[in-house]
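Chemist:
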Amino acid sequence: MSTTEHPAAAGMPAPAADAPPEPRVVALPAAMELLRTLRERHGPLMMHQSGGCCDGSSPMCYPQGEFLVGDRDVLLGVLDLRLEVGEVRADAPSDADGVPVWISGPQFDLWQHTQLVLDVVPGRGAGFSLESPEGVRFLTRSRVFTAAEAAALSAAGVLTGAAWEDGARPAAPGRPQVVATVAEACAFPR
């Protein structure tokens, strides 16, 4: 399938009200590049947004299947490593090109009103996260969804670990997953 630029990325009007909901997780180019590098070294990947305690609230990156996803864990989205800034694809990524991003059910209850923005900063990754030896770590920033975005996401429902185990997979998001800057993802109201 072809890759198209999202209208908003090209300075065009926002999509109509019947457009797909905003993704629950997006990433900055540096995060996507690091994920591609880690995929080349370790194979297909997955991420889990840590709920605090020992790891703070860090996004953790693992080889696909090395972190046991619980039945009540919630899939925030599948980052498509084929995409660049502003691009949208009609087809969902393969297992090799997709990075599922999970969060625990109770943690999701606290974060469901926000879009998580995956970034990379200098430092050491947490725990067993694959980026630890790279001198950088993944960082989650967040943006509060508008009331309309939150309503659309609520109506769309969530995919749980139990549903994933039964073979359910999300459709391609229909909106850009890669944003150019933190300011674009987490813009302050004017």
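With the first letter of the sequence shown counted as 1, position 50 gets the number 50 in the UniProt record's numbering; the numbers rise by one all the way through.
Quick reminder that beta carbons are idealized off the backbone N, C-alpha and C, glycines included.
As the structure is a prediction and not an experimental result, all values here were calculated from the model.
(1) For A156, which option in Q112, V121, V182 has the closest C-alpha, if you only look at C-alpha atoms?
(2) Excluding five sequence neighbours on each side, which residues of the same chain lie with their C-beta closer than 8 Å to the C-beta of V182?
(3) Just to confirm my understanding: we take E131, look at its own chain, exclude 5 residues before and 5 after, and list those with CB closer than 7 Å. What are they?
(4) Which ranges does the alpha helix (DSSP H) cover as unbroken runs of at least 4 residues, wholly within the region 134 to 175, from first to last along the chain?
(5) Excluding the five sequence neighbours on either side, which residues of its own chain have a C-beta within less than 6 Å of the C-beta of G77, listed in chain order?
(6) With DSSP as the reference, label T114 as helix, strand or coil.
(7) Assuming the contact rule is C-beta atoms closer than 8 Å, H48 and F67 should be a hit. Round their C-beta distance to whole Å, please.
(8) List the residues that DSSP assigns as beta-bridge partners of G123.
(9) Considering only their Cβ atoms, is the gap separating V178 from E84 smaller than 8 Å?
(10) How close, in whole Å, do the beta carbons of V88 and P176 come, if the pair is a contact with beta carbons under 8 Å?
(11) For T160, is the classification buried or exposed, using 16 other Cβ atoms within 10 angstroms of its Cβ as the cut-off for buried?
(12) Name the two residues that bound the continuous alpha helix (DSSP H) containing L34.
(13) Identify the residues that DSSP records as bridge partners of G98: which are they?
(14) What does DSSP give as the partner residues of C61 in its beta bridges?
Modeler: Result, derived from the coordinates:
(1) Q112
(2) L28, V117, D119, R141
(3) Hits under 7 Å: L34, L38, C61, G125, R137, F138.
(4) 147 to 156, 161 to 165
(5) P23, R24, V25, V101
(6) strand
(7) 5 Å
(8) According to DSSP, G123 bridges with nothing at all.
(9) yes
(10) 6 Å
(11) buried
(12) 29 to 42
(13) Paired residues: D80.
(14) M47
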